[in-house]
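Colleague: This is the structure I have questions about; it appears just below.
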Amino acid sequence: MSAATAVLGSPNNPVKYLDQDYEVLKAQYLKSGKPFEDEKFPASPSSMKPGLESAAHIEWKRPKEINADAQFIVDGATRDDIIQGSEGVCSFLSSIAVLTMKKEFLNLVVPWNQSFQKDYCGIFHFKFWQEGDWVEVVVDDRLPVKSGTKTLWSAHSQSSNEFWSPLLEKAYAKLEGSYKAIGEYPSNRLIDLTGGVIEFYELKNAPADLFQLLQKRTNALIASNTDKENKEMGLFAPHTYSVIDVQEITHLDKNVQLIKLRNPHGAGEWKGAWRDTASEWNEVDKKVLDALHVTKNEGEFWMPFFDFKQNFSGVVICHTSLSDALQKESDLWNVTKFYGSWTKNVTAGGPPDKESFWTNPKFFIKLEKTKGDQPLCTIVVSLMQRKRNKRVDRIKIQYSIIPVSCSINSQRYSNKKNIY
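In the UniProt record's numbering, the protein residues as written are 1 to 420.
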């Protein structure tokens, strides 16, 4: 489907962020012979971390000034392309590392037909999902480096001449208002990269079958965060790790539950049982070792699921099958969106302990039995808050699910929808 016929806000016809049209700007700067300089996200401390002391020791360089052989991408996109700098933000980079495992979404976010050679004029573009729409963000290629060096301040690749990941990070920083803002609301990052629906579990209150639940989420993207540091065991905090795999194996006639994680730093990993060099692996069949890809890949490691629950605070699961970006007719999910607002003295009813609670926005959802032998159907509910002002924190919000009898006259509800 061409952009001319695609619905505005769809992947093929994204909303132009800040009214900047990539094709128009690129043609304009190619004609002028001058490299693009983005006035709406300047190469200045204001685009970094407001109040950051080290911002004064940052310079901005274009990739060709950092490496004469600068390339947008080298040998395909992998999670090794995303390494966190000394002062970068891991939550976004961890989400990108997870996204490299879901190429269809990575290809949606990153247009790969960009180059530092053909038709180069210092302008690049990326796409993100924002509050129901896909949005195209344009940036120039001036990147923050440590003063007097060619060392990137934040994201970089293992290949010193590859620059798609720091440019993607810059585009997201522009969308959020600054590099600092990327670190806020880490669970939102996977939503912004896929348009999917988030499921979050606090590990201290996790269901007993969490391991089996994670095993079943084969089509989901998963990340986990830790808020307590354990440097002796190789774990950092506060930090976000990518969940690469979840497997149960047999070891000395006993079942062992393992989880594989990746540190976006690209260095530093678990030092406990089942680490890369642990003796436990010597007693595992070689076929299992090969299937689990047990290698000394720096930054990736296996650990017992029990230790994972003890050392990590939460797990974020992003259901990409619920994204409208790649919906197919064969998909089993139907996605319905409701829009509402809280208006003072009208629909701002407050929490359940208030008498006015019933005045809050209500949405009637009728669940019908699925075909087949299963008597139940599944509903996933996700609540999202529009952020009108990037400088004002979001307020805490929640929803209540109230079962009602099928005999109730659904005409009372103005927002009646069916979800199958």
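Glycine included, C-beta positions come from ideal geometry on N, C-alpha and C.
May I ask you to report which of helix, strand or coil DSSP gives Ser-356?
Modeller: Along the sequence shown, read from residue 1 onward, the residue named residue 356 stands at position 356. In the structure shown, Ser-356 sits in a helix (DSSP, three-state: H, G or I).
Colleague: Excluding sequence positions up to five away, which residues of its chain have a Cβ less than 7 Å from the Cβ of Phe-92?
Modeller: The residue labelled residue 92 in the question sits at position 92 within the sequence shown. Taken in chain order, the residues that qualify are Glu-169, Tyr-172, Ile-182, Arg-189.
Colleague: Can you give the beta carbon distance from Gln-84 to Asn-161, rounded, assuming they're within the 8 Å contact cut?
Modeller: Mapped onto the sequence shown, residue 84 falls at position 84. Mapped onto the sequence shown, residue 161 falls at position 161. That belief does not hold up - the Cβ atoms of Gln-84 and Asn-161 are roughly 19 Å apart, past 8 Å.
Colleague: May I ask you to verify whether the segment 280-291 touches the segment 240-257, counting CB pairs closer than 8 Å and requiring at least 3?
Modeller: yes
Colleague: Quick one: give me the first and last residue of the alpha helix (DSSP H) that Thr-194 is part of.
Modeller: To locate residue 194, count along the sequence shown from 1; it is residue 194. Looking at the DSSP string, the run of the alpha helix (DSSP H) that includes Thr-194 is 188-194.
Colleague: Taking Tyr-339 as part of the alpha helix (DSSP H), name the residues at either end of that continuous run.
Modeller: Locating residue 339 in the sequence shown gives position 339, where the first residue counts as 1. Tyr-339 -> no alpha helix (DSSP H), and no H or E assigned at all.
Colleague: Taking Cβ to Cβ, would you say Pro-14 is nearer than 8 Å to Glu-136?
Modeller: On the sequence shown, residue 14 is found 14 positions in, with the first residue counted as 1. On the sequence shown, residue 136 is found 136 positions in, with the first residue counted as 1. Here Pro-14 is near Glu-136, since their CB atoms are less than 8 Å apart.
Colleague: Measure the C-alpha to C-alpha separation of Asp-118 and Val-145 and round it to an integer number of angstroms.
Modeller: Counted from its first residue, the sequence shown places residue 118 at position 118. Counted from its first residue, the sequence shown places residue 145 at position 145. At residue 118 the sequence reads Lys, which differs from the Asp that was named. Distance between the alpha carbons of Lys-118 and Val-145: 25 Å.
Colleague: Hey, how far is the Cα of His-338 from the Cα of Val-284?
Modeller: Within the sequence shown, numbered from 1, the residue matching residue 338 stands at position 338. Within the sequence shown, numbered from 1, the residue matching residue 284 stands at position 284. The amino acid at residue 338 is misidentified as His; the sequence shows Phe. Each residue's alpha carbon lies about 51 Å from the other.
Colleague: Starting from the Cα of Val-346, find the closest Cα among Asp-353, Trp-358, Thr-336, Val-335 and give me that residue.
Modeller: The residue labelled residue 346 in the question sits at position 346 within the sequence shown. Comparing Cα positions, the closest option is Trp-358.
Colleague: Identify whether Asn-257 lies in helix, strand or coil by the three-state DSSP scheme.
Modeller: What you label residue 257 is simply residue 257 of the sequence shown in a count that begins at 1. The identity of residue 257 in the sequence shown is Gln, whereas the question assumes Asn. Strand.
Colleague: CA-CA distance, Ser-313 and Tyr-179?
Modeller: Numbered from 1 along the sequence shown, position 313 holds the residue referred to as residue 313. Numbered from 1 along the sequence shown, position 179 holds the residue referred to as residue 179. Answer to the nearest angstrom: the Cα atoms are 24 Å apart.
Colleague: Suppose you measure from the CA of Glu-365 to the CA of Leu-108; what does that come to, to the nearest Å?
Modeller: Taking the first residue of the sequence shown as position 1, residue 365 is located at position 365. Taking the first residue of the sequence shown as position 1, residue 108 is located at position 108. With the sequence shown as reference, residue 365 is identified as Ile, and Glu is not the correct amino acid for it. Approximately 32 Å between the Cα atoms of the pair.
Colleague: Do Pro-63 and Leu-143 have their C-beta atoms closer together than 8 Å?
Modeller: Your numbering for residue 63 matches position 63 in the sequence shown. Your numbering for residue 143 matches position 143 in the sequence shown. Yes, the Cβ-Cβ distance between Pro-63 and Leu-143 is below 8 Å.
Colleague: Cutting at 7 Å between CB atoms, please list the residues of its own chain near Ile-73, excluding the five before and the five after it.
Modeller: Here the question's residue 73 lines up with position 73 in the sequence shown. Result list for Ile-73: Trp-112, Glu-162, Trp-164, in chain order.
Colleague: When the distance is taken between beta carbons, is Tyr-241 closer than 8 Å to Ser-94?
Modeller: By one-based count along the sequence shown, residue 94 stands at place 94. By one-based count along the sequence shown, residue 241 stands at place 241. Their beta carbons are under 8 Å apart, which means Ser-94 touches Tyr-241 by this criterion.
Colleague: Check whether the segment 200-214 and the segment 300-315 touch, using three or more Cβ-Cβ pairs below 8 Å as the test.
Modeller: In short, these stretches touch, since the Cβ pair count reaches three.
Colleague: Going along the chain, which unbroken runs of the alpha helix (DSSP H) with 4 or more residues stay wholly within the segment 15-55?
Modeller: The segment 15-55 contains these whole alpha helix (DSSP H) runs: 22-32.
Colleague: Measure how close the beta-carbons of Glu-192 and Phe-128 come, nearest whole angstrom, since I'm counting them as under 8 Å.
Modeller: If you number the sequence shown from 1, residue 192 lands on position 192. If you number the sequence shown from 1, residue 128 lands on position 128. For clarity, residue 192 is Asp in the given sequence; the question names Glu instead. Confirmed, about 5 Å.
Colleague: May I ask which residues mark the beginning and end of the beta strand (DSSP E) holding Trp-164?
Modeller: Counted from its first residue, the sequence shown places residue 164 at position 164. Careful: Trp-164 lies outside any beta strand (DSSP E), inside the alpha helix (DSSP H) at 164-176.
Colleague: DSSP on Asp-140, reduced to helix/strand/coil?
Modeller: Within the sequence shown, the letter at position 140 stands for residue 140. Reduced to three states, the DSSP call for Asp-140 is strand.
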